[in-house]
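Asks:
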């Protein structure tokens, strides 16, 4: 189908708006495959600055473009000024590469990166001129797919999507698109295509093929959804990309003109994290842990820098310092970047893995801030959440960092964690002040005045598919009381306290735990004008009360109720391959304050992911068991270097990267659809990438 | 500042098509990335935050392109200018494209002040019957209104041939009159005098020459 080129109508709009570079396309590295017979549009439901930085969007566009006969283009939500102009001019949402209307594509994919993007999804569909509800779409409308972290509780989004893909999309998305292409070519009606997707594509959830039960019926039946046909799976397990470890770590990327949140080369060094923090959805979602080899990673860094011209490379993952070859990788990458002014950053380091050696390896000339995440103020509460770090770990990390030249440190905590008491809040103040004392002692006397310690508090958000999914969130009023107590407990002037807006966290909790009814509420909020961040006020202020009353909802109940572990949850029919039994067992261990070790270091914790997926933990070398144990504990699902040769191109000569001085810097934690949904991009201060985040 | 061991390469480039909508900062970043992609032996500054030794010419307003823009790049090793140019071209998109490269002296004026006189060429949506050059242009800078006398900045006449308008502005150490602000007032005055229809606007706006005074 020949698609419309909207550029002649878009261009005149660009004269009077902010940052026209968002809408230009023509960036270095963008791939145009507009002659392919099947066209897919990948959309990030926020502005270019957030979406273009997203690793999932990048991976999926590349995967579809690599498929014979398929082209993938990108689209982002225009900022409010541009969206208003487009509506006035009757210009629909367009893709970047061909500047074609999104509605003219064969299929459209929207990533669900975090809970606050919900109204933006409706804004996206509306601007594209695609009917908002799956059941209103005509035969010629695109098939609308979703995926990403929020797919693990898809119900608040269910009416808006034809298909929701759960899990890792590298193979799943091209598979789903191939099926759509085949069936469309055969002239199959839409309903048949959706049914075939549910039947044949692993991890595909088609909401319209399930009847939504009421609460009593759901509790009796053990599921909120009833398949309408025998061939529709009653439970959808996430997909895993088993070839991850041996696949090329170099993900070719578009180099943006305008500055985006993570404006740098990304090399994903490993996927998954089995540390087992009980609040963390990412830690449950990306099991099993799979490491790429040092050779693969170093080659990707060298080729990626030569191809993109970036001046920073980030070795990304949920927990990069857990990589069994991290010292080798950093040594080699530092060597390759020496003299070029290229910075190497390592986000998501564990503070118990940050010793003297690591401080030296990530230490260049510029020391930005460091972020450590003890998460809770007392050992009791850290045991409850299975954080598995001690005060001594923190103090050793502080010693190493400040001796290596850092002068600022941010400590990341959550308030409102299950079982939290005022003593735990006071513990945060005490820990931060003692950390400050340690930092000062590690610094020469004449520099002590420049030592800064800050405390950043997020509000605990119960996330689907985690051991704390049953736990209610504290109310915004209680959050403010606890933060007030914390502020009063901090006596040092050099220690300052920041906290997230509790109203935003409240919306996250509603979206995280709500059922299909919440979709109507999201739609009402959007109809009342909510888009981008502004929509939290529609949940909390007058508008939200109005929307909630109109629909007979009780938002605080969704967010704040403690639920019994035998209650059937609205996302019971979706799994991250981690068994509900494991989650309940972890919840019980939390109540007893008993920790569970990381299965990549020690014995299997029987979460169920490996056997359910038929996949193994893939490590390059053994990870050393924690202190006190000699040798490596047995784990039947852990394989070391069972990975085979890696298909990567020849590394370019190191001089192609020109120049020396590696510089560690900045790796803030704005999550990508594949990474760290714990810290929303609205959370820690958007794009504040002056920190090295340490989980 | 002037390290005698370095080589100062002046690269001329064009900024055309839709990339005229890039901001000065966006252009600067894109050019730095092209230099890295080209694999040239660029010099890196010493100090707290090491970065590429590169200097850019006078900024273009967003929406105004150029055919004779330039930057100075400091190299640690000599690379024949045609080879350096070829490497840069290989690493650049068509609308932000190096067209010439030559070595210049360290004592030559800095890129940002070397060429204060700029000639612009504007294609209009239709040919006006005549042009009315305003005497003053009021601009808002940092929320303060400022009125600039056109005579202080305009060099020579505003030429007009069909739909094409050509004019030359000089920037002063104390400030400059932005070409887009001048053109906006020029068209407004022309329309107000009845020499052009409402909605008269530029369809292309280029800086075509930059030179010393």
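Chains as they are written, first to last, in my numbering: chain S, 13 to 707; chain F, 181 to 393.
No residue lacks a Cβ here, since even glycine has one placed at the ideal position from N, Cα and C.
Considering Cα atoms alone, identify which of S:89, S:93, S:98 is closest to residue 132 (chain S).
Replies: Numbered from its first residue, the first chain carries residue 132 (chain S) at position 120. With distances taken between Cα atoms, residue 132 (chain S) lies closest to S:89.
Asks: Is residue 317 (chain F) close to chain S, meaning its C-beta is less than 8 Å from at least one C-beta of that chain?
Replies: Counted from its first residue, the second chain places residue 317 (chain F) at position 137. No, no contact with chain S.
Asks: Over what stretch of residues does the beta strand (DSSP E) that includes residue 389 (chain F) continue unbroken?
Replies: Taking the first residue of the second chain as 1, we reach residue 389 (chain F) at position 209. Start and end: 382-391.
Asks: Would you tell me roughly how many angstroms separate the C-alpha atoms of residue 266 (chain F) and residue 189 (chain F), rounded to the nearest one?
Replies: The sequence position of residue 266 (chain F) within the second chain is 86, counting from 1. The sequence position of residue 189 (chain F) within the second chain is 9, counting from 1. Cα to Cα, the separation comes out at about 14 Å.
Asks: Anything in chain S within Cβ reach of residue 206 (chain F), meaning under 8 Å, just list it in chain order.
Replies: For this step, residue 206 (chain F) is matched to residue 26 along the second chain. In chain order: 33, 269, 270, 271.
Asks: Give the list of continuous alpha helix (DSSP H) stretches no shorter than 4 residues that lie fully inside the segment 474-545 of chain S.
Replies: Here the runs fully enclosed are 488-501, 514-525, 530-539.
Asks: Determine the DSSP secondary structure at residue 56 (chain S), reduced to helix, strand or coil.
Replies: Position 44 of the first chain, counting from 1, holds the residue named residue 56 (chain S). Here residue 56 (chain S) sits in strand by DSSP.
Asks: Against chain S, does residue 286 (chain F) count as a neighbour if the rule is that its beta carbon must be under 8 Å from one of theirs?
Replies: Taking the first residue of the second chain as position 1, residue 286 (chain F) is located at position 106. Not closer than 8 Å to any Cβ of chain S, the Cβ of residue 286 (chain F) fails to qualify, so no.
Asks: Rounded to whole angstroms, how far is the Cβ of residue 724 (chain S) from the Cβ of residue 219 (chain S), which I believe are closer than 8 Å?
Replies: Past the boundaries of the shown model lies residue 724 (chain S); chain S is included only from 13 to 707, so the question cannot be answered.
Asks: How would you call residue 433 (chain S), buried or exposed, if buried means at least 16 neighbouring beta carbons within 10 angstroms?
Replies: Against the first chain, residue 433 (chain S) aligns to sequence position 421. When all chains shown are included, residue 433 (chain S) counts as exposed.
Asks: What did DSSP end up calling residue 458 (chain S) once you bin it into helix, strand or coil?
Replies: Along the first chain, read from residue 1 onward, the residue named residue 458 (chain S) stands at position 446. Residue 458 (chain S) falls in the helix class under three-state DSSP.
Asks: Can you pull the chain F neighbours of residue 27 (chain S), defined as C-beta to C-beta under 7 Å?
Replies: Sequence index remark: in the first chain, residue 27 (chain S) carries index 15 (1-based). In chain order: 243.
Asks: Which residue wins for smallest C-alpha separation from residue 301 (chain S), given the options S:309, S:282, S:317, S:293?
Replies: In the first chain, the residue the question calls residue 301 (chain S) occupies position 289. Considering only alpha carbons, the answer is S:282.
Asks: Going along the segment 314-348 of chain S in order, which residues come within less than 9 Å of chain F, judged by CB to CB distance?
Replies: Result list: 317, 318, 319, 320, 321, 322, 323.
Asks: Counting Cβ pairs closer than 8 Å, one from the segment 200-215 of chain S and one from the segment 225-238 of chain S, do we hit at least three?
Replies: They do not touch, by the three-pair rule.
Asks: Check the Cβ-Cβ distances between residue 216 (chain F) and every residue of chain S, and say whether any is below 8 Å.
Replies: Indexing the second chain from 1 puts residue 216 (chain F) at position 36. Yes, its Cβ sits closer than 8 Å to a Cβ of chain S.
Asks: Is there a Cβ from chain F that is less than 8 Å from the Cβ of residue 18 (chain S)?
Replies: By one-based count along the first chain, residue 18 (chain S) stands at place 6. No, residue 18 (chain S) does not count as interfacial toward chain F.
Asks: Which parts of the segment 240-282 of chain S are runs of the beta strand (DSSP E), unbroken and 3 residues or longer, counting only runs that do not cross its ends?
Replies: Counting whole runs of 3 or more residues, the segment 240-282 of chain S contains the beta strand (DSSP E) stretches 277-280.
Asks: Residue 374 (chain F) CB to nearest chain S CB: under 8 Å?
Replies: One-based indexing of the second chain puts residue 374 (chain F) at position 194. No, its Cβ sits nowhere closer than 8 Å to a Cβ of chain S.
Asks: What's the call for residue 526 (chain S), buried or exposed, on a 16-neighbour Cβ count within 10 Å?
Replies: Counted from its first residue, the first chain places residue 526 (chain S) at position 514. So residue 526 (chain S) counts as buried.
Asks: State yes or no: is the C-beta of residue 204 (chain F) within less than 8 Å of the C-beta of residue 235 (chain F)?
Replies: Against the second chain, residue 204 (chain F) aligns to sequence position 24. Against the second chain, residue 235 (chain F) aligns to sequence position 55. Going by C-beta atoms, residue 204 (chain F) is not nearer than 8 Å to residue 235 (chain F).
Asks: Residue 40 (chain S) CB to nearest chain F CB: under 8 Å?
Replies: Taking the first residue of the first chain as position 1, residue 40 (chain S) is located at position 28. Closer than 8 Å to some Cβ of chain F, the Cβ of residue 40 (chain S) qualifies, so yes.
Asks: Comparing alpha-carbon positions, which option in S:365, S:29, S:464, S:427 lies nearest residue 409 (chain S)?
Replies: In the first chain, residue 409 (chain S) corresponds to position 397, counting from 1. Residue S:365 is the option with its Cα nearest to residue 409 (chain S).
Asks: Just to make sure I have the definition right: I need the residues of chain S whose C-beta is within less than 7 Å of the C-beta of residue 357 (chain F). Which are they?
Replies: Within the second chain, numbered from 1, the residue matching residue 357 (chain F) stands at position 177. Ordered by position in chain S, no residue passes the 7 Å Cβ test against residue 357 (chain F), which lies about 20 Å from the chain.
Asks: As an exercise, report each continuous beta strand (DSSP E) stretch of at least 3 residues that is fully enclosed by the segment 231-274 of chain F, in chain order.
Replies: As far as the segment 231-274 of chain F is concerned, its whole beta strand (DSSP E) runs of at least 3 residues are 234-236, 245-255.
Asks: Give me whichever residues DSSP pairs with residue 470 (chain S) in a beta bridge.
Replies: As a first step, residue 470 (chain S) must be located in the first chain, where it is residue number 458. S:426, per the DSSP bridge assignment.
Asks: Looking at residue 208 (chain S): is its Cβ nearer than 8 Å to the Cβ of residue 221 (chain S)?
Replies: Taking the first chain and counting its residues from 1, the one referred to as residue 208 (chain S) is at position 196. Taking the first chain and counting its residues from 1, the one referred to as residue 221 (chain S) is at position 209. Taking 8 Å as the Cβ cut-off, residue 208 (chain S) and residue 221 (chain S) do not qualify as a contacting pair.
Asks: On the three-pair Cβ rule with 8 Å, is the segment 512-529 of chain S touching the segment 473-485 of chain S?
Replies: Touching, per the Cβ criterion.
Asks: By DSSP, does residue 597 (chain S) sit in helix, in strand, or in coil?
Replies: As a first step, residue 597 (chain S) must be located in the first chain, where it is residue number 585. Helix.
Asks: Should residue 423 (chain S) go down as buried or exposed, given a rule of 16 or more other Cβ atoms within 10 Å for buried?
Replies: Here residue 423 (chain S) corresponds to residue number 411 of the first chain, with the count starting at 1. When all chains shown are included, residue 423 (chain S) counts as buried.
Asks: In this structure, does DSSP put residue 648 (chain S) in helix, strand or coil?
Replies: Translated into positions along the first chain, residue 648 (chain S) becomes position 636. Three-state DSSP puts residue 648 (chain S) in coil, outside helix and strand.
Asks: How many Å lie between residue 223 (chain S) and residue 238 (chain S) at the Cα?
Replies: Here residue 223 (chain S) refers to the residue found at position 211 of the first chain. Here residue 238 (chain S) refers to the residue found at position 226 of the first chain. So the alpha carbons of these two residues sit roughly 5 Å apart.
Asks: Residues bridged to residue 191 (chain F) by DSSP?
Replies: Position 11 of the second chain, counting from 1, holds the residue named residue 191 (chain F). According to DSSP, which records beta bridges pairwise, residue 191 (chain F) is partnered with F:251, F:281.
Asks: Along chain F, in chain order, which residues have C-beta atoms closer than 8 Å to that of residue 351 (chain S)?
Replies: Looking up residue 351 (chain S) in the first chain gives position 339. In chain order: 224.
Asks: Using a Cβ-Cβ cutoff of less than 6 Å, which residues in the same chain neighbour residue 275 (chain F) once the five nearest sequence positions on both sides are dropped?
Replies: For the purposes of this step, residue 275 (chain F) is taken as the residue at position 95 of the second chain. Taken in chain order, the residues that qualify are 196, 197, 199.
Asks: Figure out for me which residue from S:269, S:610, S:589, S:63 has the closest Cα to the Cα of residue 129 (chain S).
Replies: On the first chain, position 117 is the one that residue 129 (chain S) refers to. Ranking S:269, S:610, S:589, S:63 by Cα distance to residue 129 (chain S) puts S:63 first.
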